[in-house]
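Going by this note's numbering, the sequence shown opens with residue 20, and the numbers climb by one from there. To start, the structure under review is shown below, and the notes come after it.
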Amino acid sequence: MAPRAVLVGLPGSGKSTIGRRLAKALGVGFLDTDAAIEQRTGRTIPDIFAADGEREFRRIEEEAVRAALADHDGVVSLGGGAVTSPGVCEALAGHTVIYLEISAGEGVRRTGGSAVRPLLAATDEAEKYSKYKALMAQRVPLYRRVSTIRVDTNRRNPGAVVRYIVSRLQAPENAHAEAAT
């Protein structure tokens with residue numbers, strides 16, 4: 020069993036929103052690995068980061084991703100930093116991985132003052148923008164490496180993004196092209 024699609028992208032790119040809508044459009048289930056981690060551990064992600072650190076969180080996350088890839092046949096949404104684990108990148112090989120692209124400005128706008136994103140905690144917008152750009156520098160090359168489909172989510176409503184993804188998934192000859200308008 021393998022997921023129909025795996026969504027990756029920076030915080031605010033729409034992984035959860037698009038994932039739920041895409042699953043509904045495809046008539047399959049949706050699994051968010053961040054939610055699975057919280058359910059399995061009984062703790063929030065910020066709590067895990069604070070108590071155990073990022074390294075331990077990434078270990079737990081890799082286990083959750085591997086389980087999702089093995090056991091879920093719907094749409095899977097990964098946490099934004101999952102691709103920083105070499106084991107996760109390795110596990111994604113052979114799957115349909117959709118990278119939801121977003122600009123720093125739009126990402127900061129969409130994530131707002133969210134306290135549930137430990138790596139974006141900041142005292143002001145300038146600091147948050149700087150942190151977001153740093154995440155982009157680290158993660159965008161990884162998202163590009165693991166993805167089979169790329170979709171620009173800037174200034175696009177979720178319905179349009181989902182329709183585009185469905186069209187790409189239904190065109191298997193194009194499934195591994197890098198692209199998107």
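Heads up, the beta-carbon is just placed ideally off N, CA and C, and yes, glycines get one too. Just so we're clear, the structure is a prediction, and the values are computed from it rather than from any experiment.
Checklist entry - What three-state label does DSSP hand residue 169 in the structure shown? => result strand
Item to check | Test: residue 67 CB closer than 9 Å to a CB of chain C | outcome: The chain labelled as chain C is not found in the depicted structure, where only one protein chain is given.
Checklist entry - Can you tell me the Cα-Cα spacing of residue 44 and residue 158, whole angstroms? => result 28 Å
Next on the checklist: Count Cβ pairs between the stretch 109 to 122 and the stretch 48 to 57 that sit closer than 8 Å; are there 3 or more?
Outcome noted: In this structure the stretch 109 to 122 does not touch the stretch 48 to 57; the number of beta carbon pairs closer than 8 Å is below three.
Next on the checklist: Please state the DSSP three-state secondary structure of residue 29.
Outcome noted: coil
Item to check | Secondary structure of residue 24, DSSP reduced to three states | outcome: strand
Checklist entry - Relative to the C-alpha of residue 53, which residue among 110, 119, 123, 67 is closest? => result 67
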